[in-house]
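Peer 1: Structure incoming, see below.
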Amino acid sequence: MNYTLYNIPARTKGLIFDIDGTLYKNDAYCVEQGDCQIRAWADLLHISHEEGRRRVEEAQQQYAANHDGHRTSLATIMQGFGISIEQCMEWRRTLIDPTGWLTADPELHTALAALKERFTIIALTNNSFHTGHKHLATLGISDCFDTVLGLEQTKRGKPDPTGFQMAADTLHLAPSEIISIGDRYDVDIVPALSLGMGGILVDGPEIIPIIPQLIV
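Dropping the structure here:
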């Protein structure tokens with residue numbers, strides 16, 4: 054169980070949770086969620102799936118070289134290739150299905166329900182709104198979240214800070230009263246810190262039960 058704390062507020066009122074890699078740990082499924090979109094894009098271009106993967110990775114490396122080593126979301130990379138955010142959302146809605154990959158997690162539900170008694174909680178995902186809801190429902194934790202913000206709402210994938218500011222506005226809280234919790238420093242923590250939020254970098258859901266002890 055690994056975690057790192059950043060700029061924890063003196064008084065926390067709201068929590069922003071990433072979903073993939075944060076509320077569940079399934080590396081193969083996380084890879085497949087991106088790869089199914091790359092395959093769909095490669096088919097549009099009539100190139101091999103391997104060539105599509107190579108071009109995406111090359112674009113990620115170029116982005117990182119221009120942004121202090123930080124990588125970005127697949128949606129942002131696809132937009133750079135001329136793929137609209139609407140097409141990205143459609144691929145995510147139709148190609149990503151948690152069935153067979155995820156199951157209900159009663160222990161996670163217990164931990165999140167305890168957090169919801171103290172904080173307002175929102176999920177912010179680079180997936181579509183509908184895919185985010187499907188993930189929460191499959192994990193059996195939908196009732197622990199006040200709402201979900203996906204690409205339909207934000208129009209920009211993390212690490213763009215737009216979604217984090219929208220989350221603060223939705224929660225009716227100042228950024229300085231919010232902590233972002235996620236498994237990717239570049240994507241889930243850096244943009245939150247840029248707005249004055251706190252951050253907790255995690256490597257999976259095991260850390261969630263002890264979050265109250267970390268932010269007292």
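Mapping the sequence shown onto our numbering, position 116 (from 1) lands on 169, and the numbers just tick up by one. We put the beta carbon where it would ideally sit given N, CA and C, even for glycine. This one's a predicted model, so the numbers in the text were calculated from it and none came from an experiment.
1. What residue range does the alpha helix (DSSP H) around residue 247 cover?
2. Within the continuous alpha helix (DSSP H) that includes residue 116, where are the two ends?
3. Give a yes or no on whether the C-beta atoms belonging to residue 249 and residue 233 are separated by under 9 Å.
4. Taking the DSSP output, what are the residues bridged to residue 1?
5. Using CA atoms only, rank isn't needed, just tell me which of 177, 143, 187 is closest to residue 271.
6. Look at residue 141 and residue 165 and say whether their C-beta atoms are less than 9 Å apart.
7. Near residue 177, what residues of its chain come up, given a Cβ to Cβ distance below 6 Å and the 5 sequence neighbours on each side ignored?
8. So which of 76, 99, 136, 244 has the shortest CA-CA distance to residue 259?
9. Which stretch, first to last residue, makes up the beta strand (DSSP E) that contains residue 173?
10. Looking at C-alpha atoms only, which residue of 149, 227, 226 is the closest neighbour of residue 73?
11. Do residue 199 and the ligand SAH come close, with the Cβ less than 8 Å from some heavy atom?
12. Confirm, please, whether the CB-CB distance from residue 131 to residue 90 is below 9 Å.
13. Spatial neighbours of residue 146 within its chain, please: C-beta separation below 7 Å, excluding the five flanking residues on both sides.
14. Using a Cβ-Cβ cutoff of less than 8 Å, which residues in the same chain neighbour residue 79 once the five nearest sequence positions on both sides are dropped?
Peer 2: Put simply:
1. 243–247
2. 102–119
3. no
4. Because residue 1 is not part of the residues shown, which for the chain are 54 to 269, the question remains open.
5. Here the chain covers residues 54 to 269 and nothing more, so residue 271 does not appear.
6. no
7. 69, 202, 216, 220
8. 76
9. 173–177
10. 149
11. Judged by which ligands are present, the structure shown has none, so any question about the ligand SAH falls away.
12. yes
13. 181, 183, 184
14. 154, 155
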